[in-house]
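A quick write-up on the structure given underneath.
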Amino acid sequence: MVRPEIVRRKLLHLDGYLGELEPYREITLDAYLALGGPRRAIERIVQLVIETAVDINLHVATEIEGRPPADYRESFRAAARIGLIPPALAGGLAPSSGLRNVLVHEYANIDDARVHAAIPLVLDGFREYAGAVLDWLDRQPQG
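The letter at position 51 of the sequence shown is residue 129 when you use the working numbering, and the numbering goes up by one with no holes.
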């Protein structure tokens, strides 16, 4: 059974992370890369945004489909299959799982320009994601 309180709590966390990232929406690449600049903080926030959405996907998809998605990318496809988010949004967000994996597992190989360019995409895409999940929650029967 999907536990709406878990999903809502995770959405609050997601909203907080997006709020922390918003001031960096228009940061220049030079400012992003500056010694002592926000690069590592931004990387961590982006990672948390993606992981929080995946946590929501995993919870809801596992409860509805009876099995967890195979991986983070598949969690977005599963979210679309079950109607949690629109398929086009899932297609746009699924590749973020690769960015998350690079941030977590391949620190030496991070493409700083790619992370920098992803900032507005993460902000806009995951705000849309949160809105879709809230809409889905509102459509669920109260139990």
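We put the CB at the ideal spot given by N, CA and C, even for glycine.
Just to confirm, are residue i and residue j a CB contact at a threshold of 8 Å?
i, j, result
"Glu121", "Val193", "yes"
"Thr130", "Tyr102", "no"
"Arg155", "Ala172", "yes"
"Ala208", "Asp133", "no"
"Ala157", "Val138", "yes"
"Leu212", "Leu136", "no"
How many Å lie between residue i and residue j at the Cα?
i, j, result
"Leu181", "Gly161", "29 Å"
"Thr106", "Ala168", "28 Å"
"Glu141", "Val80", "6 Å"
Considering just the uninterrupted stretch of the alpha helix (DSSP H) at residue i, what are its terminal residues?
i, result
"Gly203", "190-217"
"Arg178", "174-183"
"Gly114", "That residue, Gly114, is in no alpha helix (DSSP H); it is neither H nor E in DSSP."
"Tyr95", "82-99"
How is residue i classed by DSSP in three states: helix, strand or coil?
i, result
"Pro146", "coil"
"Pro165", "helix"
"Thr106", "coil"
Can you give the beta carbon distance from residue i to residue j, rounded, assuming they're within the 8 Å contact cut?
i, j, result
"Val200", "Val85", "Actually they do not touch by this definition, with Cβ atoms about 20 Å apart."
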